[in-house]
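Structure record follows, encoded as structure tokens.
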Amino acid sequence: MPHQPLHLDLGTRLLVQAKFGDRQAFDQVYSMYGRAVHDFLARGNGSLGHHVLEDLVQEVFFRAWDRCSGYANEASAKTWVFGIARKVAWEWHRQQPPSMPLHEQLSKQDAVGQALVNRERAQALHDAVALLPPKQRQAIELVYFDELGPAKAALMANCNEPALRRRLADARARLRLRRVLRDEAGD
361 MPHQPLHLDL
371 GTRLLVQAKF
381 GDRQAFDQVY
391 SMYGRAVHDF
401 LARGNGSLGH
411 HVLEDLVQEV
421 FFRAWDRCSG
431 YANEASAKTW
441 VFGIARKVAW
451 EWHRQQPPSM
461 PLHEQLSKQD
471 AVGQALVNRE
481 RAQALHDAVA
491 LLPPKQRQAI
501 ELVYFDELGP
511 AKAALMANCN
521 EPALRRRLAD
531 ARARLRLRRV
541 LRDEAGD
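Per the numbering used here, residue 361 is the first one in the sequence shown, and the count goes up by one each step.
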């Protein structure tokens, strides 16, 4: 006999009630997890139309209702419902004609999103470096942007290497502080 936890979350308690035919309890399970299941299915299937997603959500909860009499309380209600959602999504994908593999679609979406994030970060870094004192800005530009080693960068900056390293350390500290202040401000 599986171990029964003493404290069950609300969703699990409702699913146990639904297991014994309580339709209102199951409706509450749907209310609790329906949107999350929709979002879960949409994440992996961004190209699906609204109606197809709604059909898949309905299929998930139809199966959940159909199978809740066999719910063994070995997992939370949320885990159990999302297990059904994964199975429904997998079966739907298996029935579709071959197209671009899902991992390639996700890679494309990730690449576009990452490019936007990288562009924003690069602009924010450029703006922050522009606000540094001139000697610190020069040290950052020589070492990080021009990719010179500290010895060569020191020669270009007309200073010795320890002075250049100090400028770099001070510049990095200012940039970190500026980032912390920006993050705290919510920008």
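No residue lacks a Cβ here, since even glycine has one placed at the ideal position from N, Cα and C. Please read all numbers here as calculations on a predicted model, not as lab measurements.
Close CB contacts of E419 within its chain, under the 7 Å cut and outside five residues either way in sequence, are with V448 (chain order). Fewer than three Cβ pairs drawn from the region 487-496 and the region 506-515 lie within less than 8 Å of each other, which leaves the two stretches out of contact. Under a 10 Å Cβ-count criterion, F505 is classified as exposed, with fewer than 16 other Cβ atoms of the shown protein chains found around its own Cβ. For Q456, the secondary structure class from DSSP, reduced to helix, strand or coil, is coil. Here DSSP, grouped into helix, strand and coil, assigns E419 to helix. The shortest C-alpha to C-alpha distance from A484 to any of L375, R536, Q498 and L374 is the one to R536. Distance from V389 to A437 at the Cβ level is roughly 6 Å; contact confirmed, criterion being Cβ atoms closer than 8 Å. Its Cα nearest to that of E451, the residue L401 stands out among Q384, L401 and P522. Beyond the five residues adjoining it in sequence on each side, K495 comes within less than 6 Å, by CB distance, of R527 in the same chain, given in chain order. For C428, the secondary structure class from DSSP, reduced to helix, strand or coil, is helix.
In this model, L375 and V417 are separated by some 17 Å (Cα to Cα). In the structure shown, P522 falls within a helical segment according to DSSP collapsed to helix, strand and coil. For A514, the uninterrupted alpha helix (DSSP H) run begins and ends at P510 to M516, by DSSP. Within the model, the alpha-carbon separation for H398 versus D387 is close to 16 Å.
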